[in-house]
Amino acid sequence: MKRIWLILLGCIALSSCDKIESKGMYLASVPIFETMESIRAKANPVSSPTTIVQTGKIYIYQDYLFINEPRKGVHIFNNVDPSKPVAMAFLSIPGNVDLAVLDGKLYADSFTDLLTFDLENPASPKLLTRNKDVFKMLLQMDYLNNTADRIITGYRDSLVSYSQKDKYSPYDRKEPLYNETNSGSGQGGSMARFTIANKHLYAVDQTTLHLFDVQNASKPAYVKDIKIGPGIETIFPFKNNLFIGSNTGMVIYDITTA
169 MKRIWLILLG
179 CIALSSCDKI
189 ESKGMYLASV
199 PIFETMESIR
209 AKANPVSSPT
219 TIVQTGKIYI
229 YQDYLFINEP
239 RKGVHIFNNV
249 DPSKPVAMAF
259 LSIPGNVDLA
269 VLDGKLYADS
279 FTDLLTFDLE
289 NPASPKLLTR
299 NKDVFKMLLQ
309 MDYLNNTADR
319 IITGYRDSLV
329 SYSQKDKYSP
339 YDRKEPLYNE
349 TNSGSGQGGS
359 MARFTIANKH
369 LYAVDQTTLH
379 LFDVQNASKP
389 AYVKDIKIGP
399 GIETIFPFKN
409 NLFIGSNTGM
419 VIYDITTA
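Numbers given in this note's numbering equal positions in the sequence shown, counted from 1, plus 168.
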């Protein structure tokens, strides 16, 4: 019995004195932060066609096809022959996820802002107006870890050190998140968050419907926000109704009077 107790006491003494701290490195996606002021200061350059790395929303207007590359911009195609679309240009729009077209004007989001482009020459769209900070809720819901004055504009792979005393919380990447009733507008996909009906642009985020008057297509005028959430995913106009799909069901609005 004495021998057993001596062995047990020795084990306890060893375990209480031994402190192990593990350290190492691992590859992680680290967010790149930028201010909206710096983003707005940049031009929206139009370049020659580029390869589509990731396909986002698709929109058809007259003989043209617009394909969004999430958070990057819009690829523009000549779609006279739908079986063989011809790439024309790439329009750089940081933070772009959704788009719609009315009377030759392209509407696109850029993080918190709504941009309007003239499509008189579809191969070289010209920026007409910028409605600032109209999509703040969309930014908060779809871009985690943003702050009041900085937003995440991308990610880069970086080696990150760790130890038992440190805890690294990886940033969650979320992709933010059109069949039209106006003869002057186009047609988009089933997961659209932008749509045009009765000379109004409707945009949804996960909780809110944003309404803009586009009777003057070159200068969208913000009208109001309507709380409808949570869980809003898509929007679809039909005649004088607006169908808003969520992850739990559908909300239908009469838009006879916007």
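C-beta: ideal position from N, C-alpha, C; glycine also.
Residue i, enclosing alpha helix (DSSP H) - first and last residue
i      : result
Ala209 : Met204 to Ala209
Spatial distance of residue i from residue j (CA atoms)
i      : j      : result
Asp334 : Gly192 : In this prediction, Asp334 scores a pLDDT of 46, lower than 50, which makes its location untrustworthy; no coordinate-derived value is stated.
Ser337 : Asp325 : Annotation note: pLDDT 39 at Ser337 (below 50); position unreliable, no value reported.
Asn415 : Phe258 : 33 Å
Ser351 : Ile364 : With a pLDDT of only 47 at Ser351, under 50, the local geometry of the prediction cannot be trusted, and no value is derived from it.
Leu287 : Asp393 : 28 Å
Lys294 : Phe285 : 5 Å
Leu369 : Leu270 : 9 Å
Ala385 : Lys273 : 6 Å
Gln374 : Phe234 : 24 Å
Where residue i falls: helix, strand or coil (DSSP)
i      : result
Lys294 : strand
Lys304 : helix
Asp334 : With a pLDDT of only 46 at Asp334, under 50, the local geometry of the prediction cannot be trusted, and no value is derived from it.
Gly241 : strand
Lys395 : strand
Leu283 : strand
Ile364 : strand
Asn289 : coil
Gly192 : strand
Which residues DSSP lists as bridging residue i, in chain order
i      : result
Arg324 : Val198
Val254 : Asn246
Pro405 : Leu410
Ile235 : Ile226 and His243
Ile261 : According to DSSP, Ile261 bridges with nothing at all.
Thr376 : Lys395
Bounding residues of the beta strand (DSSP E) (the contiguous stretch that carries residue i)
i      : result
Pro217 : Element bounds for Pro217: n/a, residue is neither H nor E.
Gly224 : First-last for Gly224: undefined, no H or E at that position.
Ala385 : Unbroken run through Ala385: none, as it is neither H nor E.
Ala426 : That residue, Ala426, is in no beta strand (DSSP E); it is neither H nor E in DSSP.
Met359 : That residue, Met359, is in no beta strand (DSSP E); it is neither H nor E in DSSP.
For this session: Count the C-beta pairs between the stretch 253 to 267 and the stretch 225 to 245 that are closer than 8 Å, then say yes if the count reaches three, no if not.
Result: In short, these stretches touch, since the Cβ pair count reaches three.
Exercise. Should the stretch 200 to 210 be regarded as contacting the stretch 275 to 291, the criterion being three or more beta carbon pairs within less than 8 Å?
Worked result: In this structure the stretch 200 to 210 touches the stretch 275 to 291; the number of beta carbon pairs closer than 8 Å is three or more.
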